[in-house]
Every structure is written in C-alpha cells, then in structure tokens.
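Participant:
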Amino acid sequence: MKKGKNVTVFLMGVLLSGLLALQSCGGGKPKEPTDESGSSFPRTKTLYLAGSQWGDPNTFNPLAESWQAAWPVGDRFNLMYEPLLAYNSLDGKIEPVLGTLVSKDNDSIVVDLNPEAKWSDGTPVTSADVKFIFELGRRFKNAATAFTVEFITGINVAKVDVNGVSVERLSFIVDKKGRNNPLVILDHLQAVRIVPAHVFEKLLSENNNDLSAVQKLKIDDNPVVSGPYNLETYSNEKIVVKRRDDYWGAKAIYGGKLPGPQYIIHPIFKSNDHFAIALQKGNLDASQTFIPRIWLKKKDGVSTWKADAPYYVPGSIPMLLINTTKAPLNDKNFRRALAAAINYANIKELAVSGYSPDIQPGLIMQSGIEGKYFSADDAKTYGVTYNLENAKKMLADAGYRSVFKSDGSLDYMTDKAGNKLPTLSIKSPAGWSDWEAMVSIAVKGMRDAGIDVREGFVDAGLYWPALPSGDFDLIMHKPAAAVTPSLPWSRFESIMSSRNWVPVGGDNKMNENQGRYNQPGTKEYNKAVDSLLKVIPILSDDAQLTEAYRQLNKIFMQDQPALPLCHLAEQYYEFSNANWKNWPDETNPYAPPLLPWIGASTKILWQLQPAK
Amino acid sequence: MKILKNLLKSPMFVTGLVLFLATIILALIGPYVHTITMERVGPQYAPPAAQYLLGTDDLGRDYVSLLIRGLRSSLYVGFLAGIIATTVGTLLGIYGGFKGGWIDDLINMITNLFIVIPSFVILILISSSLKDGRSLTLIGLIIGMTTWTWSARAVRAQSAALKSKDHISLAKINGDGTLAVIVKHILPYLASYVFMVFILQVASGILSEAAISMIGLGPLDTVSLGTILNQAKNNGALGDGVWWAFIPSTVIITVIVFALYLINTSAEGAFNPRLRK
Amino acid sequence: MLKQYPTLRYILQRGGWYFLTFLVAVTINFFLPRLGANNPVDIIMGKSASGLSAENARIKEESYLKEFGLVKVDKGEIVRNAEGKPVKASGLEQFANYIKMCFKGDLGTSFQKYPKKVLDVIAEAVPWTIALQLPTILFGWIIGNVLGALAAYRRGVFDRVFFPVALLISSFPFFVFGMLLVYYFAVVLNWFPAMGGYAQEIIPSFSFEFLRSAAYYYVLPFFSIFLILAGGQAIGMRSMGIYELGTDYIKYAKWLGLKESKIIAYLFRNAMLPQLTGLALSLGTMISGALITEMIFSYPGLGMAILTAIQNNDYPMIQGCTLLITISVLIANFTVDILIGFLDPRVKAGLQIGKGN
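These protein sequence lines map, in sequence, to chains A, B and C.
Basically the working numbering = 1-based index in the first sequence + 76.
Basically the working numbering = 1-based index in the second sequence + 96.
Basically the working numbering = 1-based index in the third sequence + 5.
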C-alpha cells in the first residue's frame with residue numbers, strides 16, 4: 077500500500093521535472109530538423125562521435141581563435157570549412173582538398189585550386205578566398221591566422237591550363253628574409269581553413285572594419301561553408317551537423333559519392349569514463365579519448381587501430397621540460413642522471429595502460445614516418461636508459477651526494493661544494509590522471525636514485541601560466557602535439573630553439589624552449605643547435621636531412637634539456653562496429669587513425685557503412 | 097555519570113561507539129600491524145590476494161596501505177573541520193543569541209556571507225597562492241571555515257531560548273558581565289548540545305572531504321579516502337568491475353559517518369529524556 | 006518610528022540587514038577572485054600561445070586584455086605607459102564598470118566561453134539545475150518527513166528497523182551511490198541510460214517525445230540524490246516528532262481519543278517548523294548546482310559552469326554566478342527569518358541531522 081503511494085509520488089516527480097525541463101528549452105535555439113522522419117535523427121543515418129568538444133559550444137565563427145570555436149569549426153577540423161590540403165599521418169603524403177599540391181621547394185609552395193570547389197551559397201571558391209584568410213594577419217595583427225604572416229611574403233596567382241581545364245595556380249612565396257621555412261608553410265596549408273571572403277568582407281565592412289567585433293559573431297545560422305557537412309543545430313549537450321547533398325567534392329574528389337552518414341552528432345560529456353560506457357552501449361560509434369585497459373572493452377565491441385599493444389599509433393611525446401637555468405638542473409650530468417632514474421617500463425604499463433612502445437632515448441620516434449631519421453646506434457652511444465645504479469654513479473661522479481635520514485629515507489642532496497640543494501618539484505596539472513601517474517613514477521625513481529624531488533600537482537590555472545614564464549623546476553608538457561608535415565623538426569624546435577630566448581623573470585615569456593636551454597651569448601652556447609634548426613626546413617636531400625636530424629638528436633641526448641616519458645598516439649582512436657562498420661585499422665589502413673574530421677581521415681566518412 | 101550509564105544501556109550508542117573506536121584503532125595501530133608501503137607491489141588493479149589483501153590500485157600499490165593512510169587523513173580532516181566549525185559556530189552562535197540586537201544581526205550577516213561565497217572560490221584561491229598547493233590541512237581548514245555557519249545557526253537558536261530562563265536573568269541582575277554569564281551559565285547548559293553539533297560536524301567534514309576530492313580539488317600532498325575514490329573514478333575502475341577500488345573506501349567512510357550518527361542520536365536521547373522510550 | 010506597526014518594522018529591519026549583506030557579498034565576490042595569483046589572460050595564453058612568436062603573442066595578449074576590459078582603453082586604443090606597456094585597469098575601475106553594467110542588465114561576456122554572454126550561460130543551465138533538484142528536494146523532504154513522523158509516532162518494530170536503515174542510508178557518500186547506480190542499472194542491467202539529460206537523437210522542444218525522454222533520463226540522477234536526502238530528513242523529523250509527542254497537548258489529544266490520523270497531522274504541523282527552515286535553505290543553495298551529480302551523469306546544469314569559471318578565473322562568469330547564488334540564498338534566508346518571526350515566537354529549534362545539502 078505505502079509502496080504504491082511512493083511510486084505515484086515518484087512518477088509525479090518525474091512528470092514535474094519533465095515539465096520544468098521543457099520550460100528550459102523555450103529560450104533555446106532549436107531549429108526543427110528538416111529530416112523527413114520528423115522529430116529525431118534516425119540511428120541508421122546518424123554517426124555518433126565524441127571527444128573533440130568538451131565544454132559548451134560557444135561560437136562557430138571560423139575567424140575566432142581556434143580554442144574558442146566549437147567543433148567542427150575550431151582546432152583543425154575540416155567538416156565545414158576546408159583547408160587547401162590534407163596530411164596523411166600514416167604515409168606522410170599530402171592529399172588534395174580544396175587544392176592539389178603541385179610542387180614544393182625552397183622558394184615557394186605551389187597549389188592548384190580545384191576549379192569545381194564551391195561554397196554552399198553556390199559561388200565558387202577562388203584565390204580571393206585563399207588570399208583573404210592568409211592575408212588577414214597583415215590587415216589585423218590580432219587575427220587568429222596572423223602566425224602565417226612571418227612565413228609567407230605573398231601569394232602569387234596565375235591562370236594555368238590543366239588537362240584542358242583552366243585552374244587558378246597559387247604560389248605561396250617563402251619569406252626568405254623572415255623565418256625561411258617552407259616546412260611550416262606546408263603545416264599551415266593543411267591547418268588554415270579557407271573561409272568565404274565575400275561573406276566576411278561584408279561582415280567586416282558592416283562592423284567598421286573592426287575584426288574584434290566580427291569575431292564576436294557566432295556565425296551559427298546557416299553558415300556559408302565549402303565542406304561536406306554543415307551545422308544543423310546545437311545545444312550544450314550536443315552539436316549536430318548535416319550532410320550537404322550538394323557538396324562539390326562528391327563529384328570532384330569522391331567519384332560522385334556522398335558520405336555515408338546523413339548526420340553526425342557530437343555529444344558533449346562531462347566526465348572521461350562516459351566515453352567508454354557510451355561506446356560499449358553502442359551510443360557512440362567512435363571516440364578519441366583515453367580509455368584505460370582498452371583490452372577489457374573488446375568483448376563489448378570496442379576496437380582500436382592495433383588489436384594488441386600498444387593499440388595506437390605513436391605520434392606525440394609527453395615529457396618533462398627542465399628549467400636549465402636553475403642549479404643543479406643547469407648541469408647536464410645531473411639532467412642525464414634524471415633520465416637514467418625514470419622507470420619507463422612502469423610509465424608505459426601503469427600510467428598509459430601500455431599504449432606506448434618501449435621508447436628509445438632521444439626525440440625521434442623509432443617507427444612511423446620519422447623512423448627513417450632514427451639511429452639505433454646513436455641512441456645506444458649517446459642516450460641514457462633506465463638504470464638506477466648508473467644514475468647513482470653519474471650523480472656521484474658529478475660530485476652530488478645524497479644524505480639519508482636515520483630511518484633510511486632520503487633527506488636532501490648536496491652539490492659538489494657540499495651545499496644543501498633545495499627540494500625540486502615537478503609541476504603538473506592536478507587531475508590529469510595519466511600525467512599525474514607519470515610524474516609519480518618519475519618522482520619515485522628519482523628519489524630511489526637519491527635525488528630530492530617531489531610531485532608538484534597544481535591547478536590548471538597555475539600550470540598554464542607557469543609554462544611560458546619558466547616558473548618551474550621540471551614541468552610536464554607535450555610539445556608539438558599534432559602530427560603535421562613538419563615533424564620531427566617542430567618537436568626539436570619547441571624544445572631546443574633559442575630564437576626567442578629570454579631569461580626567466582618579469583613579464584618574460586617563451587612559447588617554445590620554456591626550459592631556457594642553450595642561452596645565447598654564454599660560453600656554453602651551442603651554435604650548432606640553432607643552425608641545425610634553421611637548416612633542416614630547407615634541406616631536401618634525404619641523406620643530408622637524416623644526418624642533420626642525427627646531429628640534433630645527438631645533442632639532445634648529450635644535453636638532455638627534457639625527459640621524454642613515452643610515445644603516445646597523436647589522438648586516441650576507438651571505434652565500435654555496432655552501428656557503422658568499415659572503420660580503418662591496421663589490417664585495413666585506408667586512412668590514418670583519427671576521427672573523420674582531421675587531415676586525411678575525412679575520407680572515412682565515405683567508407684563507413686551502416687552495420688544493419 | 098547517570099547519563100553515561102543510560103547511554104551504555106542503549107544498543108545504538110554501544111554499536112556506534114564500538115564502530116567508531118574500531119576505525120580509530122585501525123587508524124592508530126594499522127601501521128604497526130600492516131607494513132605501510134607506497135611502493136609498487138603488483139600489477140595494475142590486481143584483485144585481492146594473499147600478498148595484497150584488498151588488491152592493488154592503478155599504480156600497483158597495496159590498497160590496505162592506501163586505505164590505512166586514507167583513513168588517517170580522513171579522520172584528521174574530519175576532526176580539524178569539526179573543531180573549527182564547532183568552535184567558531186558555537187562562539188558566534190551563543191554570543192549572537194545571547195546578546196541579540198544589532199550584534200546578533202551583524203553575526204547573522206556574517207553567517208549569510210559565508211553561505212553565499214562558494215567554498216570552491218576560497219579553496220582554489222588560497223591553494224593558488226600557496227607554494228605547496230592544496231594540503232590536507234588546508235582542506236580541513238576550509239571545510240571548517242565554510243560549515244561553521246550551520247553550527248552558528250543551530251546554537252544561536254538554543255542560546256536565544258536560554259536567555260529568558262530565570263537563573264540567567266538572575267545572574268544578569270547580579271551584575272555578571274556578558275562573558276561571565278556565557279561561560280558560567282549558558283555554556284554548561286549547551287555543552288551536551290555543542291557536543292552533538294561537534295559530532296555531526298566531524299561526520300560532515302569527512303563526507304565533505306570525499307566530495308571535494310571527487311571534484312578533483314582534493315589534497316595533493318597525501319592519500320585520503322576521497323582521493324582514493326577519485327583516482328578510481330578517473331581510471332574507470334568501476335566500468336572494468338574493479339570493485340576493490342571503490343567498495344572498501346566507501347565502506348570505511350560509511351562506517352565512520354554511521355557510527356557518528358548513531359552516537360549523536362543516542363546521545364540526543366540521553367540528554368533529552370523525552371526521546372527515551 | 007513605525008512603533009505602531011511592529012510587524013512592518015520587523016520586516017523592514019530584517020530586509021535592511023539582508024540588503025546590506027547583499028551589497029557586501031557582491032563586493033567580496035567581485036574582489037575575491039582578483040586577489041588570486043592566477044590571471045585569466047595568462048591561463049588562456051598558456052593554452053593557446055604555443056609556437057607563437059614573441060611579437061604575435063604580445064599582440065594577442067594585449068587584444069585579450071583590451072577585450073576583457075582589464076586594461077585602460079581610450080578611444081578604442083590601449084592606454085600605454087612610458088615603456089609602451091599597457092596600463093592595467095584598477096580593481097576599483099573594473100568594479101565601477103561592473104556595477105554600471107549590472108544596472109543595464111548586462112552581466113558581461115565570459116572569458117572562457119567567449120563570446121558567450123554570462124546571462125546566456127546562466128539562462129541555459131539554470132532550468133536544468135532547478136529541474137534536477139527542485140523535485141528531488143521537495144519529494145525527498147515530503148517523503149522523509151512523512152516517514153520520520155510515522156516512525157516517531159509508531160515507534161516499535163517499524164521504528165527499530167526504519168531508523169537505523171535511514172541513518173545508514175544518509176551516511177553513504179551520495180556520489181559513490183550515484184556511480185553504483187550508473188554501473189548497475191545502466192551498464193550491467195541496461196535499464197536506464199547512463200548519462201545525459203535526454204536522448205541524443207532528440208532536439209529539446211515542447212513535444213511529448215522530449216518530455217518522455219527527459220523523464221527517462223531523470224530516473225537515476227533523481228534516485229542518486231533522493232534516497233540520501235529523504236533519509237536525512239526522516240531522521241530530523243523523527244527527533245522533532247518524538248520531542249513533540251512528549252508535549253502536553255498530544256497527551257491530551259490521546260486522552261481525548263482523537264483519531265490517529267488527526268494526531269499525526271498535529272504532530273507533523275508542529276514539528277515541521279525547523280524542517281521548513283532546512284527546506285528553505287536547501288532551496289536557496291540549490292541554484293549553485295549539483296556539481297557532482299552533473300559530473301557523474303553528464304547532466305546539464307550550472308555546477309560545471311561555475312567550477313570551470315573558478316578554475317580559469319573567468320571573472321565575469323564567477324561574478325554572474327555568485328550574484329545569482331547570493332540573491333537566491335538571501336531571499337531564502339530572509340523568508341525563513343520572516344516565517345519564524347511569524348509562526349514561532351518561541352523560536353525553537355532542534356538538532357537536525359543532515360543539513361539538506
């Protein structure tokens with residue numbers, strides 16, 4: 077009797093809350109879906125993917141900073157606004173999108189614009205659009221794409237005849253007096269998305285040529301795009317894009333075919349463990365999140381690129397940057413001892429669920445595209461591997477001495493002169509559990525070797541500012557996180573370049589080499605590092621290139637300005653065949669292991685088939 | 097004495113006391129019975145076995161060691177927060193309730209201010225200004241500093257009711273100062289009540305620490321029951337059926353809080369004869 | 006003054022104090038985040054400036070400072086000192102600007118969710134926050150109190166079983182309870198969805214389908230809070246009920262042979278006042294969101310928005326949210342004060358277990 081009452085009351089509660097929830101949507105922006113089925117997105121036509129958008133979608137403005145714009149406009153996603161080229165991180169090839177790469181040399185990079193390319197309002201994509209976005213940084217210093225300006229002096233346009241069709245040929249002229257770096261221009265050509273100049277010129281003139289005012293617009297109402305999908309609707313819980321059946325590339329690139337899924341829905345989760353649950357339940361078709369112990373999910377239909385460890389394709393290197401201006405971290409022998417004290421096998425097994433190969437010393441991965449620059453001999457000769465005894469010996473040889481408490485635990489360390497050294501701290505954002513685990517394992521090993529170091533987990537609000545200002549002893553960082561044509565050069569550049577070297581202190585900030593390695597003007601300054609970093613982007617001979625990378629990697633291993641910890645995937649990539657099948661994997665590697673809106677992986681959308 | 101005798105006759109009180117003493121004893125003598133080690137002793141999330149009775153965590157550490165450490169931390173936070181919240185709350189509550197007038201209003205205003213400023217703001221703000229970040233002690237302090245409002249409200253109501261009692265009016269006529277009246281005549285009357293407030297604040301402090309840690313704002317310098325749960329959540333332990341990452345710490349939290357609640361309610365019965373059967 | 010209207014005088018006096026509290030709270034909530042060591046633009050730059058040249062990074066940083074109103078601006082240009090560095094706007098100037106904007110009904114633009122307006126963020130999240138918690142608090146309160154009153158009145162076996170169970174339930178950490186619910190009912194049994202506020206294939210609208218979906222998705226989050234809340238309420242009500250039972254009027258009523266239901270009704274009414282206070286307080290603090298529930302269920306709401314705002318020192322968001330919390334808590338407390346003043350001149354209160362958070 078009473079139980080029955082409870083149930084009634086409960087149902088009333090549910091009803092009431094439903095009503096309230098309903099009210100909440102009154103002020104929203106829902107657009108009635110145009111789908112024939114009426115109120116929802118049929119599962120057989122809809123692809124559910126997640127992991128690229130974490131917070132509320134705030135703007136869909138392609139001129140906004142990339143961290144501000146929501147999926148699929150921000151970052152380097154190319155579903156709505158397309159880049160000229162796409163990079164295939166599996167084979168290193170440049171694939172055509174809005175343009176086709178014709179040639180690349182030290183003077184210019186030449187791209188033919190696809191004459192078929194059209195905006196969703198019917199107007200063709202022209203060189204004016206390309207020029208608009210690449211030259212925006214010259215007109216407005218605060219433009220999001222302003223970083224391209226120091227690399228490109230200008231874009232020359234010529235009309236040429238290709239197989240009887242007149243096409244616009246764009247030559248991106250390398251700024252030889254500036255950065256002189258065609259490699260990075262190639263990065264930009266696959267990262268900068270082309271936007272419709274006619275739309276944004278109009279918006280600029282309506283806003284008194286004030287870019288900040290235009291950046292404030294959300295551009296979320298039927299935007300003019302060139303890509304295969306366009307924004308359908310969004311809320312704080314999800315973003316929905318709909319296939320454009322008049323997408324120009326269907327005919328021009330994909331032989332008349334349209335992508336499989338009519339809709340792509342990107343749900344926004346608030347907790348990391350929800351991705352795994354959603355994948356297992358078939359509510360999510362693919363994800364790019366860290367899911368621990370992925371092998372346990374196999375029985376629920378969750379797959380990865382490789383069927384066995386390390387499951388993913390390595391692409392980025394989380395590491396500890398070392399503040400090389402502070403004693404004893406300014407002593408390379410001390411830094412090398414640190415490298416010898418870290419149990420890399422434990423990091424691989426415990427911190428990242430085995431998602432890393434056994435790493436080799438140095439900054440070059442032993443496999444993949446950059447594997448050709450790796451030298452096992454060099455790694456053996458110059459590199460330091462985990463060896464506690466060796467670490468202790470290196471410290472003793474360099475004059476460091478550990479002092480222990482009566483209970484046998486480490487008290488402190490003294491330097492050559494017998495002075496007590498301060499306790500070192502490894503900064504890492506609190507709550508990033510895989511990084512926290514890496515730091516804990518590193519601290520453990522270093523203390524075992526007699527080095528007085530502690531975990532320094534701080535809130536992200538303190539971590540981010542500490543990085544450029546050099547306010548750390550050691551700090552967790554993942555430089556050059558995206559796999560682009562300029563790897564591994566960009567990784568070396570972001571750790572070893574003294575181009576913008578400024579000392580720690582005041583408002584001084586460095587956005588690369590935050591550890592202040594290789595200070596110019598001192599007697600220890602190693603000129604070779606900066607000249608190698610300058611010359612590699614303009615080397616085209618493979619033998620010379622390999623030699624240059626070997627030199628650079630040798631210096632890295634000898635000087636150890638940072639401590640690479642493991643080799644992780646650029647982005648994690650998990651998928652389920654429950655609703656959509658034919659995902660690329662190691663046995664069927666038709667596209668790189670990324671969600672189908674990054675680089676050359678967009679073509680996955682054309683290969684997917686409904687499972688039922 | 098009579099009250100204690102009565103209490104010891106109550107099965108609820110005895111159960112609560114025994115459970116609570118058991119956790120205290122576990123925290124105190126645990127390290128002498130079981131070798132506490134923060135080293136890796138096995139693989140990640142190894143199930144319970146002879147060499148690690150409650151399995152291992154994501155870093156392969158022995159859960160028994162972690163739980164003993166965590167229990168000590170949680171008790172420490174609970175008592176620290178409880179003492180602060182009870183002291184501050186009782187003093188302000190008695191004073192406000194007894195004095196009345198604008199002092200009462202002012203204290204009420206301060207109480208409201210502390211309810212209105214989110215405790216996260218204070219927590220993140222203070223931990224960002226300290227070199228060592230968020231310590232266990234800091235978390236205890238902040239829990240105490242944000243939960244005293246409840247004790248203040250509860251005690252104030254009691255002390256306001258006492259004010260009009262005859263013997264207090266008499267004391268006032270005799271010329272005793274406010275402080276003297278409070279110490280001599282009000283505090284003794286409220287002692288049992290304040291004791292019960294304290295017990296509830298300790299329980300609430302332990303739960304709050306776990307909740308704060310779950311959000312990812314837990315102590316960074318040590319293991320607590322909350323950080324154990326948070327690590328398990330971040331590592332997706334539940335989804336993989338790793339129950340030993342969750343259940344033991346949950347059981348310990350529940351047992352402490354339950355024991356404190358039992359002590360509180362049975363004490364309430366003893367102090368207030370009407371509640372006795 | 007107003008001596009002939011003591012009630013009005015009481016209300017005005019209380020209201021005055023609450024208004025003063027409000028002003029102080031707004032000021033504190035404005036300046037508190039600005040005292041911290043972490044500056045919002047530094048956080049954004051640390052995240053987004055990787056690889057930028059020093060010059061570009063400086064330009065970007067200055068454009069953020071200008072956009073967020075953290076530097077002095079004259080005719081659209083940043084005011085600079087002799088070294089060419091931007092002159093920071095003082096806290097007082099920012100405060101004056103904030104108050105001015107508030108009067109225009111503009112709570113500013115979020116830094117972290119740029120270019121979204123703070124008011125929009127709040128308007129989108131608050132209805133979910135209320136929808137999640139209002140029914141939970143109300144029904145948890147009603148059912149808890151009914152059961153508590155019954156336990157107090159009946160005592161006996163019912164009480165001896167019910168009471169320890171209620172105590173045990175309210176001792177359980179609610180977030181673990183929520184996670185266990187997800188694991189068992191969503192993952193293992195697959196009866197209920199594990200996360201979200203409504204099915205992903207539905208667009209929120211005034212439709213039966215959406216309503217049904219929202220109700221279905223509501224079940225687990227509801228229970229994750231409801232049981233523990235009801236347990237706490239029941240314990241408080243039981244104590245109050247037993248206290249009231251000992252009073253003379255109940256004994257008299259029993260002696261008169263009044264119907265049991267009638268006696269319970271009396272009992273309930275009189276024991277309820279302190280419980281009502283607790284209810285008003287939890288309704289007041291409700292607006293700050295059920296952060297952990299939102300995290301466990303990926304449920305929409307304001308809690309997460311507040312946490313990220315504080316973590317990133319998103320001043321306008323913090324100000325907007327704390328303003329909202331301040332208003333709702335103060336209104337709730339003011340109502341309680343007035344209610345107690347009217348209904349219970351004795352201003353009695355009992356010890357309650359659980360503070361209804």
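C-beta atoms are modelled at their ideal positions from N, C-alpha and C, and glycine is treated no differently.
When we look at the beta-carbon of C/F347 and count the other beta-carbons within 10 Å, is it buried (16 or more) or exposed?
Facilitator: C/F347 is exposed by the Cβ-count criterion.
Participant: Could you please give the first and the last residue of the uninterrupted alpha helix (DSSP H) stretch that includes A/F533?
Facilitator: A/F533 -> not in any alpha helix (DSSP H); beta strand (DSSP E) instead, spanning V529 to V534.
Participant: Can you give me the C-alpha to C-alpha distance between B/S170 and A/A162, rounded to a whole angstrom?
Facilitator: If I take the Cα positions, the gap works out to 53 Å.
Participant: Mind checking which residues open and close the alpha helix (DSSP H) that includes A/H274?
Facilitator: Run containing A/H274: A273 to E282, per the alpha helix (DSSP H) assignment.
Participant: For the segment 516–539 of chain A, which residues have a beta carbon sitting closer than 8 Å to at least one beta carbon of chain B?
Facilitator: Residues passing the 8 Å Cβ filter: S516, I517, K520, E531, G532, F533, V534, D535, G537 and L538.
Participant: For A/V275 versus A/V236, is the C-beta distance shorter than 8 Å?
Facilitator: No; because the gap between Cβ atoms is not below 8 Å, this pair is not in contact.
Participant: When you compare the CB positions of A/P561 and A/L262, do they come within less than 8 Å of one another, or not?
Facilitator: For A/P561 and A/L262, yes; Cβs fall inside 8 Å.
Participant: Per the contact definition of three or more C-beta pairs closer than 8 Å, is the segment 345–353 of chain A in contact with the segment 241–248 of chain C?
Facilitator: Flag = no, the segment 241–248 of chain C and the segment 345–353 of chain A do not touch.
Participant: Run through DSSP, which three-state label would A/M489 get?
Facilitator: The answer is strand: DSSP assigns A/M489 an E or B state.
Participant: Could you check where the alpha helix (DSSP H) with A/F227 kicks off and where it finishes?
Facilitator: That residue, A/F227, is in no alpha helix (DSSP H); it is neither H nor E in DSSP.
Participant: Could you tell me the distance, in whole angstroms, from the CA atom of B/G332 to the CA atom of C/I207?
Facilitator: Roughly 28 Å between the two C-alpha positions.
Participant: For B/A256 and B/G196, what's the separation of their Cα atoms in angstroms?
Facilitator: One C-alpha to the other measures close to 8 Å.
Participant: Interface residues of chain A around C/V166 at Cβ under 9 Å?
Facilitator: Here the premise fails: no neighbours, minimum Cβ distance about 14 Å.
Participant: How about C/K118 and A/D296: do their beta carbons lie closer than 8 Å?
Facilitator: No, Cβ-Cβ distance for C/K118 and A/D296 is not below 8 Å.
Participant: Among residues of its own chain, excluding the 5 on either side of B/I349, which ones have a beta-carbon nearer than 8 Å to its beta-carbon?
Facilitator: Once the five neighbours on either side are set aside, the close Cβ partners of B/I349 are S170, I302, L303, A306 and L321.
Participant: Determine, for C/N43, whether the minimum Cβ-Cβ distance to residues of chain A falls below 8 Å.
Facilitator: Interface residue, yes.
Participant: Nearest chain B C-beta to A/I295 closer than 8 Å, yes or no?
Facilitator: Judged by the 8 Å Cβ criterion, A/I295 is not in contact with chain B.
Participant: If you compare alpha carbons, which of A/Q356, A/Y124 and A/V611 is closest to A/F568?
Facilitator: Per the Cα distances, A/V611.
Participant: Could you check the C-alpha separation between A/D487 and A/S451 for me, to the nearest Å?
Facilitator: Their backbone Cα atoms lie some 40 Å apart in a straight line.
Participant: Check whether chain A comes within 8 Å of C/K109, counting only Cβ atoms and requiring the distance to be less than that.
Facilitator: Not an interface residue.
Participant: Report the neighbours of B/L316 on chain A: residues whose CB is nearer than 7 Å to its CB, in chain order.
Facilitator: Per Cβ cutoff of 7 Å: A506 and F533.
Participant: If I'm right that C/P368 touches C/L124 with Cβ under 8 Å, what's the distance once you round it to whole angstroms?
Facilitator: With chain C represented from 6 up to 362, any question about residue 368 of chain C goes unanswered, as that position is not in the structure.
Participant: Looking at the secondary structure, which residues open and close the alpha helix (DSSP H) in which A/V515 lies?
Facilitator: Note, A/V515: alpha helix (DSSP H), S509 to D524.
Participant: Runs of 4 residues minimum, wholly inside the segment 273–299 of chain B: which ones carry the alpha helix (DSSP H) assignment?
Facilitator: Within the segment 273–299 of chain B, the complete alpha helix (DSSP H) runs of at least 4 residues are 274–277.
Participant: For the alpha helix (DSSP H) that contains A/Y339, what are its first and last residues?
Facilitator: First-last for A/Y339: Y339 to P343, but that is the beta strand (DSSP E), not the alpha helix (DSSP H).
Participant: With 16 as the cutoff for other CB atoms within 10 Å, does A/T120 come out buried or exposed?
Facilitator: Flag for A/T120 reads exposed.
Participant: For C/P132, decide whether its Cβ has a neighbour in chain B, counting only Cβ atoms nearer than 8 Å.
Facilitator: No, no contact with chain B.
Participant: If you measure from the beta carbon of B/Q147 to each beta carbon in chain A, is any gap under 8 Å?
Facilitator: No, B/Q147 does not count as interfacial toward chain A.
Participant: Taking C-beta pairs closer than 7 Å, name the residues in chain B that A/N658 reaches, listed in chain order.
Facilitator: Those do not exist, as A/N658 stays about 27 Å from chain B at its closest Cβ, beyond 7 Å.
Participant: Quick one: measure Cβ to Cβ for A/W540 and C/D319, integer angstroms, because I've assumed they're closer than 8 Å.
Facilitator: About 13 Å separates the two Cβ atoms, so there is no contact after all.
Participant: Tell me which residues share the same chain as A/K327 and place their Cβ nearer than 8 Å to its Cβ, disregarding the 5 neighbours each side in the sequence.
Facilitator: Excluding sequence neighbours, A/K327 sits near E192.
Participant: Would you tell me roughly how many angstroms separate the C-alpha atoms of C/I174 and C/A235, rounded to the nearest one?
Facilitator: Answer to the nearest angstrom: the Cα atoms are 9 Å apart.
Participant: Tell me A/V241's beta-bridge partners as DSSP assigns them.
Facilitator: Beta-bridge pairing links A/V241 to A/V238.
Participant: Among residues of its own chain, excluding the 5 on either side of A/K520, which ones have a beta-carbon nearer than 6 Å to its beta-carbon?
Facilitator: Cβ within range, chain order: n/a, list empty.
Participant: Please confirm whether A/E425 has its beta-carbon closer than 8 Å to some beta-carbon of chain B.
Facilitator: Taking Cβ atoms only, chain B reaches closer than 8 Å to A/E425, which makes this a yes.
Participant: Identify the contact partners of A/L372 in chain B, using a Cβ-Cβ distance below 7 Å as the criterion.
Facilitator: Ordered by position in chain B, the residues that pass the 7 Å Cβ test against A/L372 are D336.
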